[in-house]
Amino acid sequence: MTRPMPDAELRRAADYFKGSPRVLVLTGAGVSAESGVPTFRASDGLWEGHRIEDVATPDGFARDPALVWQFYNARRANVALVSPNPGHVALARLEAELGDRFLLATQNVDGLHLDAGSKRVLELHGSLRRTRCLSCKVVADRGLEVLANRPICPACGGFLRPDIVWFHEMLPPGVMEAAQKFALQCDILIVVGTSAVVYPAAGLIDIVRDRGDYGGRPAGTILEFNLEPTAVSDLVDVGVFGPSGQTLPRLLELIGGG
Ligand code: BV8
């Protein structure tokens, strides 16, 4: 049974977009769920059958690189079969309206925001579509082509790893800083489809909320788009509960006076 659109909350959320606000968006796996990409912590989540330690940490890769590549090649194959959903498209439309007053920081590694036409995207956790050579360090965009279980660098013959930020690894230099800088200045933070438990990504929410306590601008408005309450739901100004593939397009309609 599909739930009714949360129109009252959507109208409250849309009211914050009057004028031309600076908008930061933080997305997680939920924004890709309706495209057919499994989320991490749902019952059918990606981690089932695999312990995080075995497939998404440097130690796991050192222990069994073939298992890790099997895990990531399976995800590459899944993403090759899916397309952006209307939620991704709505965020690309919001960027088109706001230009450099918009920035999208995603925890996702599926590349679907870019496929949907978003340009101002920070991939906080890397991308399934890139590899990095353990020897010559070259980062290559390999799209979603099928890779071997132990792919070799075409440039130097070294072993490749996914260009993904695993747990206990630092995020790419500059990426998190750019997101944090925007979080200090934005008027609105939209949090979409994330359980908000992974740091430092989830820390963007704290920055927007607490920056006034540290001499910064007063706290920005935080809007949460999710199926259900999360660890941050009691911190947000408006919670919009429903599938983001439906609620985000409706938000754009209401902002546009729809
Ligand atoms: C770091 C790439 C500094 C992999 C990912 C101990 C030692 C070391 C570090 C730590 C430690 N304890 C804690 C940490 C920090 C750690 C961390 O945060 N751990 C958590 C689990 C507690 N973070 C790190 O390690 C980070 N690095 O701290 O470096 C450092 C370095 C060395 C030593 C110390 C510190 C690196 C974190 C990056 C990890 N890599 N991804 C891959 O993707 O394969 S994280 C992984 O989780 C994904 O990127 C994913 O995006 C992310 C978060 O998950 P979500 O996106 O939120 O997905 P989830 O399934 O959880 O939730 C989906 C949500 O969507 C749900 O709320 C659901 O209701 C909703 N939803 C579902 N459908 C819909 C929907 N909403 C709307 N519409 C729908 N249709």
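The C-terminal residue of the sequence shown carries number 745 in the numbering used here, and the numbering is unbroken.
The beta-carbon is built from N, C-alpha and C at its ideal position, and this holds for glycine as well.
Since the model is a prediction, treat every value here as computed from it, not as a measurement.
- In terms of CA proximity to L691, A666 leads the group A666, E715, G680 and F712.
- In this structure, Y559 places its C-beta atom within 8 Å of the C-beta atom of L615.
- Boundaries of the beta strand (DSSP E) around G613: G613 to C620.
- The segment 546-555 makes no contact with the segment 489-504; the number of CB pairs closer than 8 Å stays below 3.
- Boundaries of the alpha helix (DSSP H) around G574: P573 to L585.
- Annotated three-state conformation of L710 is strand, per DSSP.
- Per the DSSP secondary-structure output, V679 pairs in a beta bridge with T514 and F712.
- The beta carbon of K606 lies closer than 7 Å to those of E582 in the same chain, with the five residues before and after it left out.
- Between the C-alpha atoms of V510 and R588 there is a straight-line separation of about 6 Å.
- Counting along the chain, the unbroken alpha helix (DSSP H) around G732 starts and ends at S731 to I742.
- P649 has T618 as its beta-bridge partners, per DSSP.
- In the structure shown, V625 falls within a coil segment according to DSSP collapsed to helix, strand and coil.
- F712 and G680 do touch by the CB rule: their CB atoms are close to 7 Å apart, below 8 Å.
- Around the CB of H600, 16 or more other CB atoms lie within 10 Å, so the residue is classed as buried.
- For V596, there is no enclosing beta strand (DSSP E), as DSSP marks it with neither H nor E.
- Three or more beta-carbon pairs separated by less than 8 Å link the segment 563-576 to the segment 514-528, which places the two stretches in contact.
- L590 carries a strand assignment under DSSP once its states are collapsed to helix, strand and coil.
- Around the CB of R563, 16 or more other CB atoms lie within 10 Å, so the residue is classed as buried.
- The Cβ atoms of L647 and C673 lie no closer than 8 Å to each other.
- For G690, the enclosing alpha helix (DSSP H) begins and ends at G690 to D697.
- By the C-beta density criterion, D697 is exposed, having fewer than 16 other C-beta atoms within 10 angstroms.
- The continuous alpha helix (DSSP H) containing F669 extends over residues V662 to Q672.
- In this structure, the CA atom of G732 is about 10 Å from the CA atom of P571.
- Between the segment 501-510 and the segment 736-744, the count of C-beta pairs closer than 8 Å reaches three or more; the two stretches touch.
- Secondary structure note for G726: its beta strand (DSSP E) is the uninterrupted segment V725 to F728.
- Counting only the Cα atoms, I651 lies some 18 Å from V684.
- Between the C-alpha atoms of G613 and V626 there is a straight-line separation of about 11 Å.
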